[in-house]
Amino acid sequence: MRTAREALTNAAKHAPHAAITVRLEYRVDTVNLVVRNESVPDPAEGHRSAGPVGYGLTGMRERLALVGGRLTAAEKRGGWQVVAEVPA
49 MRTAREALTN AAKHAPHAAI TVRLEYRVDT VNLVVRNESV PDPAEGHRSA GPVGYGLTGM
109 RERLALVGGR LTAAEKRGGW QVVAEVPA
């Protein structure tokens with residue numbers, strides 16, 4: 049799934065030393081992909097770029113919308129979480 053790869057790339061790019069969890073949830077009417085950083089990056093470490101600035105979240109939202117899905121991304125308790133929801 050392209051969304052999983054993009055979410056993991058973003059996590060590694062913006063918080064290279066953070067623990068990352070990936071969870072796939074099967075529900076009656078949807079399948080959810082949850083990618084979460086367990087901590088925010090240390091500003092003293094600087095920002096590591098994995099390439100040019102892109103349209104990661106925007107691109108993921110657009111691709112999911114094409115199949116009736118949606119994407120939410122937000123800071124969650126000291127980390128960052130991306131949830132992709134796709135109709136089953």
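The opening residue of the sequence shown carries number 49 in our numbering; numbering runs sequentially from there.
Glycine residues also receive a C-beta, built at the ideal position from the N, C-alpha and C atoms.
Residues of its chain near leucine 112, where Cβ-Cβ distance is below 8 Å and the 5 sequence neighbours each way are ignored: Looking up residue 112 in the sequence shown gives position 64. If we look at leucine 112 and ignore the five residues flanking it on each side, its Cβ neighbours are Thr51, Arg118, Leu119, Ala132, Glu133 and Val134.
Could you please give the first and the last residue of the uninterrupted beta strand (DSSP E) stretch that includes glycine 127? Taking the sequence shown and counting its residues from 1, the one referred to as residue 127 is at position 79. Glycine 127 -> beta strand (DSSP E) spans 127 to 135.
When DSSP builds the beta bridges, which residues end up paired with lysine 124? Stepping through the sequence shown from its first residue, residue 124 is reached at position 76. Looking at the DSSP assignment, lysine 124 forms a beta bridge with Gly127.
Extent of the continuous beta strand (DSSP E) to which arginine 71 belongs: Against the sequence shown, residue 71 aligns to sequence position 23. Here the beta strand (DSSP E) through arginine 71 covers 68 to 74.
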